[in-house]
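Visitor: For what it's worth, the working numbering labels the leading residue of the sequence shown as 3, then goes sequentially. Below is a structure I'd like to ask you about.
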Amino acid sequence: MKVSVMGINFDDMTLEGFIAEGMECVRTKQKCIVVTPNAEIALVAKQDVDFKRLLNSARLVLPDGISIKMAAKILSLPIRYKVAGIEFCEGMCRELAQSGRSVYLFGAKPGIAEMAGENLRKKYPALTIAGTHDGYFTPEQEGEIIADINAKSPDMLLCCLGAPKQERFMFKYKDALSVPVMVGAGGSMDVFAGTVKRAPKIFIKLGLEWFYRLITDPKRIKRMIRIPIYLWDALCYRIKGDKNND
Ligand code: UDP
3 MKVSVMGINF DDMTLEGFIA EGMECVRTKQ KCIVVTPNAE IALVAKQDVD
53 FKRLLNSARL VLPDGISIKM AAKILSLPIR YKVAGIEFCE GMCRELAQSG
103 RSVYLFGAKP GIAEMAGENL RKKYPALTIA GTHDGYFTPE QEGEIIADIN
153 AKSPDMLLCC LGAPKQERFM FKYKDALSVP VMVGAGGSMD VFAGTVKRAP
203 KIFIKLGLEW FYRLITDPKR IKRMIRIPIY LWDALCYRIK GDKNND
């Protein structure tokens, strides 16, 4: 079920539910674009109607971050689960490995996707890494990248170019790419590569992953300031009695 939180239509589903739906699309070869908006991305979408439209055109919209759940709570909307994009990607890799399928790793700085591939292969030996490409390319190179992905014919594309670049890329090439599941997964490639550490489980459990990211990378403060702004927005909508802001 889609639930609109200030104009973005999130799916209220468990991690397992998202993975089951993703795998169904892999098996039936249906196109499935997956987006993972957090508070920062939601605020970008507030200023950029075209980007918001893209997010709302995705088949699966993961509430990626405790702030989305908190905003929903402020607005008395039924978002019960927070589902991190990286957990979806990891779960999909596990399932793809179990059925002898493949993933193409696209994004991050040169060399990172290869490192991520090595680590994923160690964890899931039956997973095929169909191909890799870094996320720094000119518009002229896009054709080559599409051709490479299609030649390798993966079951899933991890598109880690940061938002909104990754969403624009996936939608622009949706028809040209012969890949069933495409996921806009931001910094997940860096985490799979091991160059960025995810917060310890206790931080994740307490909904304090944002705080861990802030203390380990204080430069993010400029981006993280958007979290309280997003929650303040939710409060204003509640006061105005407007839940959706469409
Ligand atoms: N990135 C990229 N191409 C670009 C800009 C960014 O591949 O033109 C990568 C960047 O190297 C990083 C990821 O996109 O690996 C974005 O990470 P960020 O921390 O912004 O993502 P988040 O998970 O916070 O959305």
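Note that beta-carbon positions come from the ideal geometry of N, C-alpha and C, so glycine has one too.
1) Please classify residue 40: does DSSP put it in a helix, a strand, or coil?
2) In terms of DSSP beta bridges, what is residue 1 paired with?
3) Got a sec, what are the start and stop residues for the beta strand (DSSP E) residue 130 sits in?
4) So, at 8 angstroms on beta carbons, what are the nonlocal neighbours of residue 27 in its own chain, with the 5 sequence-adjacent residues on each side left out?
5) Hey, would you say the C-beta of residue 47 is under 8 angstroms away from at least one heavy atom of the ligand UDP?
6) Hey, how far is the Cα of residue 89 from the Cα of residue 242?
7) Can you grab the Cα-Cα spacing for the pair residue 196 / residue 117, in whole Å?
8) Name the DSSP beta bridge partners of residue 35, please?
9) Out of 229, 192, 127, 145, which has the shortest C-alpha to C-alpha gap to residue 69?
10) Can you give me the C-alpha to C-alpha distance between residue 191 and residue 75, rounded to a whole angstrom?
11) May I ask you to list the residues that DSSP assigns as paired with residue 63?
12) Suppose the cutoff is 7 angstroms on Cβ atoms and the five residues either side in sequence are ignored; what does the same chain contact list for residue 119 look like?
13) Note down the Cα distance separating residue 79 from residue 240, rounded to an integer number of angstroms.
14) Relative to the C-alpha of residue 161, which residue among 185, 179, 174 is closest?
Guide: Working from what's here:
1) Position 38 of the sequence shown, counted from the first residue, corresponds to residue 40. Three-state DSSP puts residue 40 in coil, outside helix and strand.
2) Any answer about residue 1 is impossible in this case: the structure gives the chain only from 3 up to 248.
3) Start at 1 with the first residue of the sequence shown, and residue 130 comes out as number 128. Element bounds for residue 130: 130-135.
4) On the sequence shown, position 25 is the one that residue 27 refers to. Closer than 8 angstroms at the Cβ level, and outside the excluded window around residue 27, lie 33, 34, 61, 182, 183.
5) Counted from its first residue, the sequence shown places residue 47 at position 45. It does not: the Cβ of residue 47 is nowhere closer than 8 angstroms to a heavy atom of the ligand UDP.
6) Within the sequence shown, the letter at position 87 stands for residue 89. Within the sequence shown, the letter at position 240 stands for residue 242. Approximately 35 angstroms between the Cα atoms of the pair.
7) Along the sequence shown, read from residue 1 onward, the residue named residue 196 stands at position 194. Along the sequence shown, read from residue 1 onward, the residue named residue 117 stands at position 115. Their Cα atoms are separated by approximately 8 angstroms.
8) Within the sequence shown, the letter at position 33 stands for residue 35. Residue 35 pairs with 184.
9) Counted from its first residue, the sequence shown places residue 69 at position 67. Comparing Cα-Cα distances from residue 69 to each of 229, 192, 127, 145, the minimum goes to 229.
10) Here residue 191 refers to the residue found at position 189 when the sequence shown is read from its first residue. Here residue 75 refers to the residue found at position 73 when the sequence shown is read from its first residue. The alpha-carbon atoms of residue 191 and residue 75 are separated by roughly 31 angstroms.
11) Counting from one through the sequence shown, the residue named residue 63 turns up at place 61. Paired residues: 37.
12) The count along the sequence shown starts at 1 and reaches residue 119 at position 117. Excluding sequence neighbours, residue 119 sits near 107, 131, 134.
13) Here residue 79 refers to the residue found at position 77 of the sequence shown. Here residue 240 refers to the residue found at position 238 of the sequence shown. Their backbone Cα atoms lie some 11 angstroms apart in a straight line.
14) In the sequence shown, counting from the first residue as 1, residue 161 sits at position 159. That would be 185, whose Cα lies nearest to the Cα of residue 161.
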